[in-house]
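The structure appears right after this line, and notes come after that.
Numbering (the working numbering), first residue to last: 99 to 256.
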C-alpha cells in the first residue's frame with residue numbers, strides 16, 4: 099500500500115447555503131427573504147436601543163465561521179454569537195463595509211478564545227478580541243439596510 103501523504107479536509111460548515119427563513123427575528127427587525135431563503139435583506143428604521151437581530155435557531159456554539167456575500171445600503175451591521183435569554187451585545191461591533199450598494203465577500207471568524215477576524219473582499223477589515231463565550235450565531239443591524247446571500251454558517255475547526 100501507498101501511505102497517504104496529504105491533507106484531510108474537515109468541513110466546518112454545511113455544504114448548503116443557510117436558509118434564513120428558519121432564523122428568529124428579535125427587536126423589531128424587518129426581513130425580506132429571496133432565493134428560497136438563501137438571501138435576506140434586513141432593515142430597520144427604529145433607532146430604539148433594543149438590538150435588532152436575526153438569530154440562528156439551535157444549540158449554542160462557542161466559535162463561529164460565517165462566509166458569504168454582503169451588500170450594505172445604509173446603517174451598519176455586526177455578526178456574532180448571542181444567548182437566547184440575553185439581548186447583550188455579543189458581536190464585535192459594526193463591521194466596516196462600504197455603503198456602496200455593491201456585493202462584497204465576507205469571512206467572519208470568532209474562535210473559542212474570543213479572537214475575531216473579519217475579511218471583506220479578501221482584505222482584513224477588523225481584528226479584535228472579545229471575552230470568550232458561547233451563543234447562537236446572530237446578525238445585528240443598526241438603523242439602515244443590509245443584505246446577505248450565499249452564506250455558510252459553521253464553527254471553527256478545533
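Just so it is clear, CB atoms sit at the ideal spot from N, CA and C, and this is done for glycine as well.
### Query
Can you list, in chain order, the stretches of the beta strand (DSSP E) that have 3 or more residues and sit fully within the region 206-255?
213-218, 221-227, 234-239, 242-252
### Spatial distance of residue 184 from residue 235 (CA atoms)
As a first step, residue 184 must be located in the chain shown, where it is residue number 86. As a first step, residue 235 must be located in the chain shown, where it is residue number 137. Low confidence applies here, because residue 184 scores a pLDDT of 48, under 50, leaving its location unreliable and the question unanswered by this model.
### Query
What is the DSSP secondary structure of residue 158, counted as helix, strand or coil?
Sequence index remark: in the chain shown, residue 158 carries index 60 (1-based). Looking at residue 158 - three-state DSSP - the assignment turns out to be coil, as it is neither helix nor strand.
### Message
Output needed for residue 153: all residues of its chain with C-beta closer than 7 Å, excluding positions within five of it in sequence on either side, in chain order.
### Response
As a first step, residue 153 is located in the chain shown; it is residue number 55 there, counting from the start. Contacts found: 121, 122, 124, 180, 234, 236.
### Task
Output the distance between the C-alpha atoms of residue 243 and residue 175, rounded to the nearest integer angstrom.
As a working note, residue 243 is residue 145 in the chain shown. As a working note, residue 175 is residue 77 in the chain shown. For residue 243 and residue 175, the distance between alpha carbons rounds to 9 Å.
#### Entry: Status (buried if at least 16 other CB within 10 Å, exposed otherwise) for residue 166
Translated into positions along the chain shown, residue 166 becomes position 68. Burial call: buried.
### residue 127 versus residue 200 - alpha carbon distance
For the purposes of this step, residue 127 is taken as the residue at position 29 of the chain shown. For the purposes of this step, residue 200 is taken as the residue at position 102 of the chain shown. One C-alpha to the other measures close to 22 Å.
### Task
With a 10 Å radius around its C-beta and 16 neighbouring C-beta atoms as the bar for buried, classify residue 255 as buried or exposed.
For the purposes of this step, residue 255 is identified with residue 157 of the chain shown, where counting begins at 1. With fewer than 16 Cβ atoms within 10 Å of its Cβ, residue 255 is classed as exposed.
### Task
Buried or exposed for residue 195, please, with buried defined as at least 16 other CB atoms from any protein chain shown within 10 angstroms of its CB.
In the chain shown, the residue the question calls residue 195 occupies position 97. Flag for residue 195 reads buried.
### Message
Measuring straight from C-alpha to C-alpha, what distance separates residue 247 and residue 209?
### Response
Position 149 of the chain shown, counted from the start, is the residue given in the question as residue 247. Position 111 of the chain shown, counted from the start, is the residue given in the question as residue 209. The alpha-carbon atoms of residue 247 and residue 209 are separated by roughly 23 Å.
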